[in-house]
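This report refers to the structure that appears directly beneath it.
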Amino acid sequence: MNPDDPSLPPQSGKTHYAISAICLNTIRKYGQSDWEIAVENFRKFNSQQTAAKEVDAILRNLEIQGFKSIANDHIELGRVNVFIGANGSGKTNILEAIALAGAARANDLNYESFYSRGVRVARPDQIISSFVDSSQGNSIDLKLNFLEKNEKFIYEFTLTPAHMQDVYTRWIDLSEEEMMPEILLQHFKEITQKTPNISGNELLSRANDLLAQRGLNKSRRYDPILTEYAIFDINTKSLRGIAPSESKKSPLGINGEGLDLFIASLNKEEKTILNRSKFLFDWLDDIISDKEDKLKLSGLKAGKSISTLYFRDLYMNSKNNTLSAENSNEGILHILFYIALFLSDKTPKLFAIDNIETALNPLLCQTLIEQIVSLSEDNGKQVLITTHNPAILDGLNLFDDEQRLFEVFRDDSGHTCTRRIKFKSDLSDKQGLKLSDMWMSGLLGAVPKNF
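Just so we're aligned, residue -3 is where the sequence shown starts under the numbering used here, counting upward by one.
Next up, the structure:
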């Protein structure tokens, strides 16, 4: 729990350090007869949490009902997923639906939590689907199916706001509310079988401990994947360290914050992988992390940036060839941020990137996707990407089932729909064109139809 505000859950956007409830409850048992049992339970819980971080699961199926422009949609995902479509088709809504599920699993369904995960927050009556041809419901239904080898696990959520007209209102997961009595009865039965003569107050206390450990779901194995999910929509000012940090996410903020400190913290192997990306910039000689910010005293930055990241230009005179993040090319900052997201186990296993092409040359976009595909497989990452740049598509190999391309469009009723784009194995339907050419010519769909 947050020591400054115990009412906040540990995953709250306002929580930067926390003591888990089970840790606190274990400490409270010190000196009591069941101290050793409490310690053993804590060790078991801690080992389960450690194991959860090592899970290599894929979010395979996503079902969304009643969220923004998505009335009812079902998407089968791969490891690298790219969504294309006209402006306003609902691409980002798909990314946001997963963020809501993550907030629900973290028991943190409020404005701050949504915002910190990258959701564009509005009044509930604008978040819950509203169409002219049907009456508006009062909830959002989400279903996520994770697959790890041959093991499947399903999360289901029914989210409803406490107040329909209040943008800052707390949301409630009705699916967990419905499960509470049954789960409590299971905990009571388990406790009384082990301790038949337990008092009523102690029974409630231990049942509460079990809820803190296990939550309402029987398994929390995939919780870290879901609760750490975020939508990264980065901007150059945040990458340069100029814009004030608004993101609560760490180590990398959803707008690009923290890149310099993150690169400085990479281990030797991770830095080696990062340095391989230098081939993408023919002018780049070296990437420098000035942890103590000594180069600032040399006048290498104007003082507006807090970033300690520098770059050495291969073609400039060695006396003045070191450029600060404030003065460097924005493309390299974007590329390094994306590479960093995929190479470290400190970043989420599942995340989204909105408008990945920002500030990047078209050919660089293609090569970036090729790098992302390789890194995601090597490091157990899964990503959902939106783009408006056709060159992104040329980095995909759609004959690899883990690389998937989706058209996002709105039907005649305005409902967001997705369609996976696939080709015949003999390429007879590809007509010798690159994916970028096919998109621009309208063969893939995902283009405006009103002009």
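We treat Cβ as the ideally placed atom computed from N, Cα and C, and that holds for glycine.
From which residue to which residue does the beta strand (DSSP E) around Ser320 run?
Thr318 to Ser320
DSSP-derived helix/strand/coil call for Ser314
coil
Anticipated Cβ contact below 8 Å, Leu339 with Leu440, distance rounded:
Contact doesn't hold; Cβ gap of about 31 Å is too wide.
Please tell me whether Phe63 and Ala97 are closer than 7 Å, where the distance is taken between their beta carbons.
no
Quick one: using the 10 Å Cβ neighbour count with 16 as the cut-off for buried, is Phe275 buried or exposed?
exposed
Inter-residue spacing [alpha-carbon to alpha-carbon] between His12 and Pro247
For His12, the pLDDT reaches just 47, beneath the cut-off of 50, and the residue's location in the model is therefore unreliable, although a value from the coordinates is still provided. Whole-angstrom Cα-Cα distance: 11 Å.
What number of angstroms, rounded off, separates the C-alpha of Asp256 from the C-alpha of Thr188?
54 Å
Alpha carbon to alpha carbon, what distance is there between Gly27 and Glu198?
16 Å
From the DSSP output, read off the bridge partner residues of Trp167.
Pro157
For Val369, report the span of its alpha helix (DSSP H) as first-last.
Pro358 to Asn375
Would you please state the rounded distance, in angstroms, between the beta carbons of Ala387 and Leu429? I believe it to be under 8 Å.
At roughly 14 Å, the Cβ-Cβ gap does not stay under 8 Å, so Ala387 and Leu429 are not in contact.
Would you mind working out which of Ile349, Asp341 and Cys361 sits nearest Asn375, comparing C-alpha positions?
Asp341
Would you say Gln367 and Arg75 are within 7 Å of each other, going by their C-beta atoms?
no
For Phe258, which of helix, strand or coil comes out of DSSP?
helix
I'd like the list of long-range same chain contacts for Ala48, defined as Cβ closer than 6 Å, with 5 residues on each side in sequence excluded.
Because Ala48 carries a pLDDT of 48, less than 50, the predicted location of this residue cannot be relied on, and no value is offered for it.
So what does DSSP say about Phe395, is it helix, strand or coil?
coil
Does the beta carbon of Val379 come closer than 7 Å to any beta carbon on chain C?
Note that chain C does not occur in the displayed structure, where there is just one protein chain.
With burial defined as no fewer than 16 other Cβ atoms inside 10 Å of the residue's Cβ, what is the status of Ser370: buried or exposed?
exposed
The stretch 225 to 237 touching the stretch 159 to 173, judged by at least three CB pairs closer than 8 Å:
no
In chain order, each beta strand (DSSP E) run of at least 3 residues that lies wholly inside the stretch 19 to 81
54 to 63, 66 to 72 and 76 to 80
Figure out for me which residue from Glu242, Ile381, Pro192 and Leu222 has the closest Cα to the Cα of Ser103.
Just to set this straight, residue 103 is Asn in the shown sequence, not Ser. The residue with the shortest Cα to Cα distance from Asn103 is Leu222.
To the nearest angstrom, how far is the alpha carbon of Glu322 from that of Tyr311?
19 Å
If you run the structure through DSSP and keep just helix, strand and coil, what is Glu242?
coil
Separation of Leu346 from Lys287, as counted between CA atoms:
29 Å
State the Cα-Cα distance for the pair Phe38 and Cys19, rounded to the nearest angstrom.
7 Å
Run through DSSP, which three-state label would Lys264 get?
helix
Compute the beta-carbon to beta-carbon distance between Phe142 and Leu55, rounded to the nearest angstrom, for a pair I have assumed lies under 8 Å.
6 Å
So which of Leu91, Tyr306 and Gln362 has the shortest CA-CA distance to Ala448?
Beyond the ends of the chain as shown, which are -3 and 447, falls residue 448; an answer cannot be given.
Can you check whether the CB of Ile250 is closer than 7 Å to the CB of Gly114?
yes
Local Cβ density within 10 Å of Pro120, reported as buried at 16 or more and exposed below that:
buried
Can you find at least 3 beta carbon pairs, one from the stretch 384 to 398 and one from the stretch 76 to 90, that sit closer than 8 Å?
yes
Of the residues Ser65, Ser112, Asp205 and Gln122, which one's Cα is nearest the Cα of Arg24?
Asp205
Same chain, Cβ closer than 6 Å to Ala442, five either side skipped, listed in chain order:
Ile80, Gly81 and Glu403
Flag this pair as yes or no: are the beta carbons of Lys297 and Ser320 separated by less than 7 Å?
yes
When the Cα of Arg406 is compared with those of Ser85, Leu58, Ser29 and Ala67, which residue comes out closest?
Ser85
Name the one or two DSSP bridge partners that Ser285 has.
Leu305
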